[in-house]
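Numbers in the working numbering are just positions in the sequence shown, counted from 1, shifted up by 946.
Built from N, CA and C at the ideal position, the CB exists for glycine as well.
Owing to the predicted nature of the structure, the values given are computational and were not obtained by experimental measurement.
Okay, so here's the structure we're looking at.
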Amino acid sequence: MTKKVSIVILSMNQIQFSRLCLANIRRKTEVPYEIVWVDNGSWDGTGEWLAGEKIDTLIRNKANHGFAGGCNQGMNAAKGDYILLLNNDIIVTPGWLEGMLSALESSEKMGIVGPMTNYISGPQKVDEAQGLYTDFSDELDTYAERFRDANRGVVEKSNRLVGFCMLFERSLIDEIGLLDEQFGGCGSFEDDDFCIRAMEAGYELAIAREVFVHHFGHVTLDDPANNLNKQESSRRNSKLFLEKWGQAIVDKYKLTIYAPKAD
């Protein structure tokens, strides 16, 4: 029986990015998948647009449930054998999901896999990608193809993956649980926490280095209309993270905990 991936996407306004994200998934994804979309109280027409897009599962919240809360709603509704958490400001490229699945299935110990991208912190960032494509169709796909050819089959172990695009088996959340919703607000550290729980349960994390996707970055957080204070959220959640895990775990996995200082 063919396995299916549940692609869980969260949105809060920014309809133009959501349109790009969905259109590219549909054009460039060849493995079986379903779309589970959670809209966190958008008022820019996103909810109405999604209702007409034949989304497999659409959850329309009247208010913002936060990143962890919204993703958890989506994961609870997912029917696939694999779950992929995806930001709505991502443009995928041909072969993206096949490459990530291949990395995830490369070892029985593999727990979570992420791709490479142009805009992120840590080892998933490709610095030289900036300026090498100027549109998000043919040029991006051509760049991603060259990138894949140069890194084909390379699976790089990591102690941290960012939650903009992460893939894991559904059975993982049965074992370690969903995202921790105490890391509320506009989201930060819930992905670090999820990764640590996976590693503490004996799983490995890895980057599928052959997969490149475009990430606009912070489009929801930076929209003043959404009234989200990302600096305050980072400060609050970094404190909660350290209270939960302690410095010993941070040192064990060689993590860098960054939070902006108070004004």
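Which stretch, first to last residue, makes up the beta strand (DSSP E) that contains residue i?
{"i": "D985", "result": "979–986"}
{"i": "F1158", "result": "1150–1161"}
{"i": "R1006", "result": "1003–1007"}
{"i": "E1102", "result": "1101–1104"}
The ligand FMN and residue i: does any heavy atom of the ligand fall closer than 7 Å to the residue's C-beta?
{"i": "D1027", "result": "Among the ligands in the structure shown, none appear at all, so the ligand FMN cannot be discussed."}
Can you name the residues that DSSP bridges to residue i?
{"i": "T1202", "result": "BP columns for T1202 are empty, so no partner."}
{"i": "Y1028", "result": "V951, E1115"}
Going by Cα to Cα distance, which pick from the options is closest to residue i?
{"i": "F1114", "options": "K1055, N1007, K1000", "result": "K1055"}
{"i": "K1103", "options": "E1150, D1139, L1030", "result": "E1150"}
{"i": "F1129", "options": "S1053, G1026, A1090, E1178", "result": "E1178"}
{"i": "D1073", "options": "I971, T975, H1160, R1098", "result": "H1160"}
{"i": "V954", "options": "D985, L1030, A969, N1007", "result": "L1030"}
{"i": "K1285", "options": "N1034, K1200, S1134, K949", "result": "Residue 1285 lies beyond the range of the chain shown here (947 to 1209); nothing can be said about it."}
{"i": "P1016", "options": "Q1193, P978, L1124", "result": "A quick correction: the sequence has Gly, not Pro, at residue 1016. Of the listed residues, the one whose Cα sits closest to G1016 is L1124."}
{"i": "K974", "options": "E1127, E1091, F1187", "result": "E1091"}
{"i": "L1047", "options": "F963, F1093, G1099", "result": "G1099"}
{"i": "L1186", "options": "A997, E1136, M958, G998", "result": "E1136"}
{"i": "A969", "options": "F1013, S1184, L996, P978", "result": "L996"}
Beta carbon of residue i, beta carbon of residue j: below 8 Å?
{"i": "G1020", "j": "L966", "result": "no"}
{"i": "C1141", "j": "I1058", "result": "yes"}
{"i": "T1003", "j": "A1023", "result": "yes"}
{"i": "I1153", "j": "P1069", "result": "yes"}
{"i": "K1190", "j": "N1105", "result": "no"}
{"i": "S1134", "j": "S1180", "result": "yes"}
{"i": "D1126", "j": "D1139", "result": "yes"}
{"i": "T1039", "j": "L1078", "result": "no"}
{"i": "I981", "j": "I961", "result": "no"}
Provide the residue span of the alpha helix (DSSP H) that contains residue i, from first to last.
{"i": "A969", "result": "961–974"}
{"i": "Y1065", "result": "It is not in any alpha helix (DSSP H) - Y1065 carries neither H nor E in the DSSP assignment."}
{"i": "E1136", "result": "1136–1146"}
{"i": "M958", "result": "Run containing M958: none; DSSP gives neither H nor E here."}
{"i": "T1080", "result": "Segment: none, T1080 is in no alpha helix (DSSP H) and carries neither H nor E."}
Could you check how far apart the C-beta atoms of residue i and residue j are, in whole angstroms? I think they sit under 8 Å.
{"i": "V1108", "j": "G1060", "result": "7 Å"}
{"i": "F1158", "j": "T1063", "result": "7 Å"}
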